[in-house]
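In the numbering used here, the protein residues as written are 1 to 68.
Glycine included, each C-beta is placed from N, C-alpha and C at the ideal position.
Given the structure is predicted, the values throughout are model-derived calculations rather than measurements.
Just below is one structure, and these are the notes that go with it.
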């Protein structure tokens, strides 16, 4: 994938500006805050399903007397 000369020059120019600031540069590449990819409800539901199914499997194995 090739980048255009104009885009490459703009990146170099931005980098050169940041060099002179030495520590006062804002981090534009990273997000700040609690932005999780999934919500708390979906996470809770996923944990409920995983733990519930593992408990169900343990109970089913215990009542069948071994390997089922």
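Measuring straight from C-alpha to C-alpha, what distance separates residue i and residue j?
{"i": "residue 43", "j": "residue 36", "result": "10 Å"}
{"i": "residue 7", "j": "residue 19", "result": "19 Å"}
{"i": "residue 3", "j": "residue 40", "result": "40 Å"}
{"i": "residue 14", "j": "residue 45", "result": "44 Å"}
{"i": "residue 16", "j": "residue 38", "result": "37 Å"}
Using the three-state DSSP reduction, which class does residue i fall into: helix, strand or coil?
{"i": "residue 4", "result": "coil"}
{"i": "residue 52", "result": "helix"}
{"i": "residue 37", "result": "coil"}
{"i": "residue 65", "result": "coil"}
Give me, in chain order, the residues of the same chain whose beta-carbon lies closer than 6 Å to that of residue i; leave out the 5 immediate sequence neighbours on both sides.
{"i": "residue 58", "result": "none"}
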